[in-house]
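J.: Residue numbers (the UniProt record's numbering): 1 to 512.
Beta carbons: idealized from backbone N, C-alpha and C, even for Gly.
As the structure is a prediction and not an experimental result, all values here were calculated from the model.
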Amino acid sequence: MNQENCGPCFPDQPVADLYLPLWANLPAYRSKPAFIWAEDGSNHATKTLTYAQLNDSVQSISSQLLIPLQRGDTVVILCSPGLELVEIIFGCQRAGLLSVPIFPPDPSFPKQNYLHPVRALSQTKPKAAIAHRDYITKVQQYNSSPFNDKKLAQMLQNLKWVSTDDIKDNKAGFKFSFSLYNGCKPDEVYLVQYTSGATGIPKPVLVTAGSAAHDVRMARKSYDLHPNSVIVSWLPQYHDCGLMFLLLTIVSGATCVLTAPGAFVNRPRLWLELISEFSATCTPVPSFTLPLVVKRGVESIGEFVDVFKPFGLNPSCISPSCGLAENCTFVSTACRGNEDSTSFPNIPTHNKLLPSARLAPWCMNNEEEDMDIIVVNEETCEPVEDGIEGEIWISSPSNASGYLGHPSLTREVFQGRLSNKVNRCFVRAGDRGIVIGEERFLFVTGRCSDTIKLHNNLEIHPHYIETTAYNSCPKFLRGGCLVAFKVSNAIVLVAEMQRSEKDMTVLRSIYM
Numbered sequence: 001m002n003q004e005n006c007g008p009c010f011p012d013q014p015v016a017d018l019y020l021p022l023w024a025n026l027p028a029y030r031s032k033p034a035f036i037w038a039e040d041g042s043n044h045a046t047k048t049l050t051y052a053q054l055n056d057s058v059q060s061i062s063s064q065l066l067i068p069l070q071r072g073d074t075v076v077i078l079c080s081p082g083l084e085l086v087e088i089i090f091g092c093q094r095a096g097l098l099s100v101p102i103f104p105p106d107p108s109f110p111k112q113n114y115l116h117p118v119r120a121l122s123q124t125k126p127k128a129a130i131a132h133r134d135y136i137t138k139v140q141q142y143n144s145s146p147f148n149d150k151k152l153a154q155m156l157q158n159l160k161w162v163s164t165d166d167i168k169d170n171k172a173g174f175k176f177s178f179s180l181y182n183g184c185k186p187d188e189v190y191l192v193q194y195t196s197g198a199t200g201i202p203k204p205v206l207v208t209a210g211s212a213a214h215d216v217r218m219a220r221k222s223y224d225l226h227p228n229s230v231i232v233s234w235l236p237q238y239h240d241c242g243l244m245f246l247l248l249t250i251v252s253g254a255t256c257v258l259t260a261p262g263a264f265v266n267r268p269r270l271w272l273e274l275i276s277e278f279s280a281t282c283t284p285v286p287s288f289t290l291p292l293v294v295k296r297g298v299e300s301i302g303e304f305v306d307v308f309k310p311f312g313l314n315p316s317c318i319s320p321s322c323g324l325a326e327n328c329t330f331v332s333t334a335c336r337g338n339e340d341s342t343s344f345p346n347i348p349t350h351n352k353l354l355p356s357a358r359l360a361p362w363c364m365n366n367e368e369e370d371m372d373i374i375v376v377n378e379e380t381c382e383p384v385e386d387g388i389e390g391e392i393w394i395s396s397p398s399n400a401s402g403y404l405g406h407p408s409l410t411r412e413v414f415q416g417r418l419s420n421k422v423n424r425c426f427v428r429a430g431d432r433g434i435v436i437g438e439e440r441f442l443f444v445t446g447r448c449s450d451t452i453k454l455h456n457n458l459e460i461h462p463h464y465i466e467t468t469a470y471n472s473c474p475k476f477l478r479g480g481c482l483v484a485f486k487v488s489n490a491i492v493l494v495a496e497m498q499r500s501e502k503d504m505t506v507l508r509s510i511y512m
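1. Check whether the region 187 to 206 and the region 233 to 247 touch, using three or more Cβ-Cβ pairs below 8 angstroms as the test.
2. So, is Leu458 buried or exposed, given that buried needs 16 or more other C-beta atoms within 10 angstroms?
3. On a Cα-Cα basis, can you pick out the residue from Leu98, Leu442, Gly416, Ser408 that is closest to Cys381?
4. What is the rounded straight-line gap between the Cα of Ala209 and the Cα of Trp271?
5. Run the CB neighbour count on Val492, radius 10 Å, all protein chains shown included, and call it buried at 16 or more, exposed below.
6. May I ask you to verify whether the region 44 to 62 touches the region 70 to 78, counting CB pairs closer than 8 angstroms and requiring at least 3?
7. Just the Cα atoms here: how many angstroms apart are Gly323 and Trp234?
8. Taking 7 angstroms as the threshold (C-beta atoms), are Glu303 and Val294 in contact?
9. Near Leu31, which residues of its chain fall below 6 angstroms by C-beta distance, leaving aside the five closest residues on each side in sequence?
10. Would Lys138 and Pro107 be called neighbours here (beta carbons separated by less than 7 angstroms)?
11. Three Cβ pairs or more, each shorter than 8 angstroms: is that satisfied between the region 247 to 264 and the region 213 to 233?
12. Examine the Cβ distances between the region 467 to 481 and the region 381 to 400 and report whether three or more of them are shorter than 8 angstroms.
13. Consult DSSP for Ile102 and reduce its assignment to one of helix, strand or coil.
14. Could you give the distance in angstroms between the alpha-carbon of Lys151 and the alpha-carbon of Lys125?
15. Could you tell me the boundaries of the beta strand (DSSP E) in which Tyr190 lies?
16. What does the Cβ neighbour count give for Gly96, buried or exposed, with the cut at 16 atoms within 10 Å?
17. In this structure, does DSSP put His350 in helix, strand or coil?
18. Go to Met497, then tell me how far its beta strand (DSSP E) extends in each direction, as first and last residue.
19. Using alpha carbons as the reference points, say which of Phe485, Gly433, Pro310, Ala219 lies closest to Leu454.
20. With distance defined between alpha-carbon atoms, name the residue in His214, Gly480, Ser276, Ser145 nearest to Gly312.
21. Check the DSSP bridge columns for Thr259 and list the partner residues they point to.
22. So, is Gly387 buried or exposed, given that buried needs 16 or more other C-beta atoms within 10 angstroms?
23. Starting from the C-beta of Gly329, find all residues in its chain whose C-beta is less than 7 angstroms away, skip the five residues before and the five after it, and write them out in chain order.
24. Using the three-state DSSP reduction, which class does Ala280 fall into: helix, strand or coil?
25. Does Leu477 come out as helix, strand or coil in the three-state DSSP assignment?
26. Whose C-beta lies closer than 8 angstroms to the C-beta of Arg269 among residues of the same chain, with five residues either side of it excluded?
27. So which of Gln498, Leu26, Asp17, Asp40 has the shortest CA-CA distance to Gly262?
28. So, at 6 angstroms on beta carbons, what are the nonlocal neighbours of Thr289 in its own chain, with the 5 sequence-adjacent residues on each side left out?
29. Quickly, what does DSSP pair Phe485 with across the bridge? List them, please.
30. Count the other C-beta atoms from every protein chain shown that fall within 10 angstroms of the C-beta of residue 600, then say buried if there are 16 or more, exposed otherwise.
31. Can you have a look at Asp340 and say buried or exposed, based on whether 16 or more other CB atoms are within 10 angstroms of its CB?
32. Sorted by chain position, which residues of the same chain lie with C-beta nearer than 7 angstroms to Val58's C-beta, five sequence neighbours on each side aside?
33. First and last residue of the beta strand (DSSP E) that includes Lys421?
34. Would you list, in sequence order, the uninterrupted beta strand (DSSP E) runs of no fewer than 3 residues that lie entirely inside the region 202 to 226?
35. Run through DSSP, which three-state label would Gly91 get?
36. Exposed or buried, what is Ser332 when buried is set at 16 or more other beta-carbons lying within 10 Å of its beta-carbon?
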């Protein structure tokens with residue numbers, strides 16, 4: 001790690017919230033921005049929370065929450081993206097509450113938009129909900145409406161509502177010293193985060209304060225984050241990567257610039273503008289982000305690098321990583337932030353994929369030795385040799401505790417065991433991968449559930465078929481709008497055509 005001008009380095013803390021008062025009480029860091037909220041617009045209007053302000057706010061929030069609630073109660077957080085949500089999340093942890101952050105549904109939307117809130121409230125059974133005063137008023141109006149969803153209305157009516165406006169109004173009267181930490185202990189569940197739902201119905205993952213702290217410490221060291229780091233993130237703050245980067249900011253003593261996911265989707269260029277304006281050193285994004293800011297529909301990360309390389313983008317800045325909610329978020333990255341910048345171009349590819357981990361023993365530090373990533377035969381549950389594809393299994397202190405209310409699925413996913421390591425549990429990622437090369441690079445090749453099985457026990461990933469089809473006639477097919485699957489003994493490919501009238505005229509001339 002580059003220690004120049006990085007400031008103090010604290011011993012590792014058992015929970016992430018314990019880092020906050022340490023930074024806040026240092027004179028040099030009291031006025032340092034912890035989080036900055038940037039609005040989309042010509043001037044990028046911003047709001048700032050310094051480390052001292054955040055710590056005072058979190059202490060006040062935690063004290064006030066423990067008046068109507070008791071330590072260990074479950075609360076659902078229904079706040080819009082922003083600094084207020086950041087304060088509430090940390091406040092719940094310091095109060096020792098189990099928080100369930102979800103995007104607040106608009107009561108005026110059609111019923112189908114209530115599916116996830118109904119699911120979350122049914123599964124987590126919160127005692128209270130935290131929201132803005134205006135939102136609470138909308139909910140009360142919705143509950144009295146004859147057109148409401150009866151099931152959701154009943155759930156909302158049974159909740160104890162806590163207004164964030166009231167918390168702010170009473171802040172001055174709740175300034176207690178941080179003399180004794182009564183928040184979440186390392187082995188206590190402090191968060192229910194839902195899986196994204198991209199590969200199935202969203203599932204509630206139980207995250208302990210200790211596993212979350214271990215996960216962000218791993219990420220801090222892997223990405224070489226420190227007090228001089230500046231993070232830019234538009235990711236949702238309710239779960240997974242967006243949520244964990246809030247903790248990562250505090251653990252690193254860094255500054256994080258936040259904006260709403262909708263602002264990025266509406267204008268992808270905003271992301272680049274914030275990186276430039278705040279001189280960002282780290283920005284977590286899904287892979288589709290890079291080509292999206294170049295040209296909508298383009299699928300190549302390499303094209304993003306080619307476009308921006310003349311303007312100073314070093315290819316080594318791209319750090320492909322692996323993560324999943326069942327391991328809090330972060331699992332691994334193939335590229336270390338403190339490595340020689342010339343090393344990245346030498347990293348191999350596999351079927352045009354970039355690696356997501358490097359498993360060679362020499363690259364492990366002491367904490368990472370606790371993590372074990374292996375590729376396993378799904379049927380025999382035994383490790384496969386390098387070069388053979390199988391399911392990725394992960395054993396780490398970062399492993400979550402399981403799925404709330406799903407004991408059988410928890411045993412299946414969180415309690416994988418090898419014959420030679422019966423005392424160690426592994427999380428089954430549900431992803432297939434392959435390990436290649438002397439440095440044992442791990443490539444994530446696809447989802448186990450999506451794999452198409454052919455005759456003679458041959459298997460193929462649908463995206464290989466989809467990519468081949470798209471590359472055969474990219475002028476006529478829309479990128480990302482192809483799907484391959486198997487029916488009986490045949491493979492079916494459905495592709496959406498380009499809507500350009502000129503291209504359609506050429507296509508008609510070919511087939512007519």
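T.: Short version:
1. Using a Cβ-Cβ distance cut-off of 8 angstroms, the region 187 to 206 and the region 233 to 247 are in contact, since at least three pairs of beta carbons, one from each stretch, lie closer than that value.
2. That one is exposed.
3. Of Leu98, Leu442, Gly416, Ser408, the smallest CA-CA separation from Cys381 is found for Gly416.
4. Distance between the alpha carbons of Ala209 and Trp271: 30 angstroms.
5. That one is exposed.
6. No, the region 44 to 62 does not touch the region 70 to 78.
7. Gly323 and Trp234: Cα-Cα distance of roughly 18 angstroms.
8. In terms of Cβ geometry, Val294 and Glu303 form a close pair [threshold 7 angstroms].
9. Going by the sequence as given, residue 31 is Ser instead of Leu. Closer than 6 angstroms at the Cβ level, and outside the excluded window around Ser31, lie Thr50.
10. Taking a C-beta distance under 7 angstroms as the contact criterion, Lys138 and Pro107 qualify as a contact pair.
11. These segments touch.
12. Not touching, per the Cβ criterion.
13. Here Ile102 sits in coil by DSSP.
14. Taking the straight line joining both Cα atoms gives about 13 angstroms.
15. Taken as a continuous stretch (DSSP letters only), the beta strand (DSSP E) holding Tyr190 covers 189 to 194.
16. By the beta-carbon neighbour count (other beta carbons within 10 angstroms, threshold 16), Gly96 is buried.
17. Here DSSP, grouped into helix, strand and coil, assigns His350 to strand.
18. Here the beta strand (DSSP E) through Met497 covers 490 to 497.
19. It is Phe485 whose Cα lies nearest to the Cα of Leu454.
20. Ranking His214, Gly480, Ser276, Ser145 by Cα distance to Gly312 puts Ser276 first.
21. None; Thr259 has no bridge partner.
22. Classification for Gly387: exposed.
23. One point to set straight first is that residue 329 is Thr, not Gly, in the sequence displayed. In the same chain as Thr329, and ignoring 5 residues on each side of it, the C-beta atoms closer than 7 angstroms to its own belong to Asp215, Asp240, Cys241, Met244, Gly323, in chain order.
24. Three-state result, Ala280: coil.
25. Here Leu477 carries a strand assignment [DSSP, helix/strand/coil].
26. Closer than 8 angstroms at Cβ, skipping near neighbours: Val293.
27. Closest option to Gly262, Cα to Cα, is Asp40.
28. Nothing meets the Cβ criterion.
29. Val492, per the DSSP bridge assignment.
30. It is not possible to answer for residue 600, since the shown part of the chain is limited to 1 through 512.
31. With a pLDDT of 48 at Asp340, under the threshold of 50, the modelled position of this residue cannot be trusted; read the value that follows with caution. The residue in question, Asp340, is exposed, as its Cβ has fewer than 16 Cβ neighbours within 10 Å.
32. Only Leu20, Glu87, Phe90, Gly91, Arg94 meet the Cβ criterion.
33. First-last of the beta strand (DSSP E) with Lys421: 421 to 436.
34. 204 to 208, all fully within the region 202 to 226.
35. Judged by DSSP in its simplified three-state form, Gly91 adopts helix.
36. Label assigned to Ser332: buried.
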